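Peer 1: Using mature numbering (1 follows the signal peptide of the UniProt record, and there is no 0), the letters of the sequence shown map in sequence onto residues -16 to -1, 1 to 168.
By construction, the Cβ of each residue, glycine as well, lies at the ideal position given by its N, Cα and C atoms.
For clarity, every value in this text was computed on a predicted model and none was experimentally measured.
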Amino acid sequence: MLFFLYLLFMVSMTSSHDPTETFPHKATLDPNYHIFWKTNQSSITFEAHVAAHGYVGFGLTANASGAMYPGDVVMGYVSNGQSYFGDYHTDRHGQPIRDGSQDWTLLLATEDNEGTIMKFSRALHTRDKPDDIDINSGISHVIWSYSREDPIAPTNYTYHRALRGSMDLELVSGGGTPVGRALL
Ligand code: HEM
């Protein structure tokens, strides 16, 4: 019996929600959406764990109220073992527009029974203005969205309905726990 309990404990300790590496920062954006991240002098790496099998959207908005535009977002998904990913910007409540300059790099996109993991990185400051938003010390207005089903094509992402939100996060900090403030 004790051995069985030990096994159960070990399995729960190694859930697939564990990040693929150690990240100093984590925020729960929604009970189904966890984001891990790390920064160095010049770049930032995020790892999103989303308990759904559709697309994952993540990014920044210049709008302090947390509106989805004007925003700088990535969207991606995994379908039949193939991953789709891109750097987009938003200018309205509708389909984001693919940036002419793709500044986010996809490091990993995978699905399992529990959901989707997407890992991606970018320079804190890119030259793609006005489509990208710089990431500086202090508060960033983070936006996120996801869907339960894959888009029919990478050019046709579906409306997220209630599966979206925003949060103020201190993405670049000298250490300590980042500040999280849910907006909408
Ligand atoms: C796939 C194409 C998309 C469509 C058609 C779409 C459409 C909309 C619409 C109609 C609203 C207003 C109604 C509501 O609150 O649900 C909205 C809000 C919102 N969307 Fe999107 N969206 C898309 C992609 C995204 C992406 C990629 C993100 C973030 C990464 C995002 C984040 C948000 C947020 C945070 C809100 C609430 C704040 C606001 O009203 O602006 N959306 N979206």
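Considering only the beta carbon of each residue, do residue 143 and residue 36 sit closer than 8 Å?
Peer 2: Their beta carbons are not under 8 Å apart, which means residue 143 does not touch residue 36 by this criterion.
Peer 1: Examine the ligand HEM and report whether any of its heavy atoms sits within less than 7 Å of the Cβ of residue 119.
Peer 2: No - the ligand HEM has no heavy atom lying nearer than 7 Å to the Cβ of residue 119.
Peer 1: If you draw a straight line from the C-alpha of residue 70 to the C-alpha of residue 83, how long is it?
Peer 2: In a straight line, the C-alpha of residue 70 is about 8 Å away from that of residue 83.
Peer 1: What distance in whole Å lies between the Cβ atoms of residue 128 and residue 111, which are believed to be in contact at a cut-off of 8 Å?
Peer 2: Between residue 128 and residue 111 the Cβ distance is about 25 Å, and since that is not below 8 Å, they are no contact.
Peer 1: Could you check which residue in 60, 21, 67 has the C-alpha nearest to that of residue 7?
Peer 2: Of 60, 21, 67, the residue nearest in Cα terms is 21.
Peer 1: Quick one: which unbroken beta strand (DSSP E) runs of 3-plus residues sit fully inside the region 16 to 104? Chain order, please.
Peer 2: As far as the region 16 to 104 is concerned, its whole beta strand (DSSP E) runs of at least 3 residues are 17 to 23, 27 to 34, 40 to 45, 55 to 63, 66 to 74, 89 to 96.
Peer 1: Can you confirm whether the region 67 to 81 touches the region 47 to 58 when touching is taken to mean that 3 or more C-beta pairs between the two stretches lie within less than 8 Å?
Peer 2: As far as the Cβ criterion goes, the region 47 to 58 touches the region 67 to 81, which means the pair count is three or higher.
Peer 1: Determine the burial state of residue 43: buried for a count of at least 16 other Cβ atoms within 10 Å of its Cβ, exposed for fewer.
Peer 2: Per the 10 Å Cβ criterion, buried.
Peer 1: What does a CB cutoff of less than 7 Å around residue -1 pick up in its chain, not counting 5 residues either side in sequence?
Peer 2: Residue placement at residue -1 is flagged as unreliable, the pLDDT there being 49, under the threshold of 50; the coordinate-derived value follows with that caveat. If we look at residue -1 and ignore the five residues flanking it on each side, its Cβ neighbours are 96, 98.
Peer 1: Between residue 21 and chain C, is any beta-carbon pair separated by less than 8 Å?
Peer 2: Going by chain labels, chain C is absent from the structure shown, which holds only one protein chain.
Peer 1: DSSP beta-bridge partners for residue 140?
Peer 2: DSSP output for residue 140 lists 137 as bridge partner(s).
Peer 1: Let's see if you can read the secondary structure: which residues bound the beta strand (DSSP E) around residue 155?
Peer 2: Segment 148 to 156, the beta strand (DSSP E) holding residue 155.
Peer 1: Assuming residue 125 and residue 45 make a contact with CB atoms under 8 Å, what is their CB distance in whole Å?
Peer 2: The Cβ separation is near 5 Å, so the contact holds.
Peer 1: Any heavy atom of the ligand HEM closer than 7 Å to the CB of residue 111?
Peer 2: No - the ligand HEM has no heavy atom lying nearer than 7 Å to the Cβ of residue 111.
Peer 1: Closest to residue 100 by C-alpha separation, out of 27, 92, 106, would be which residue?
Peer 2: Closest by alpha carbon: 92.
Peer 1: Nearest-angstrom Cα distance between residue 116 and residue 51?
Peer 2: When rounded, the distance between both Cα atoms is 16 Å.
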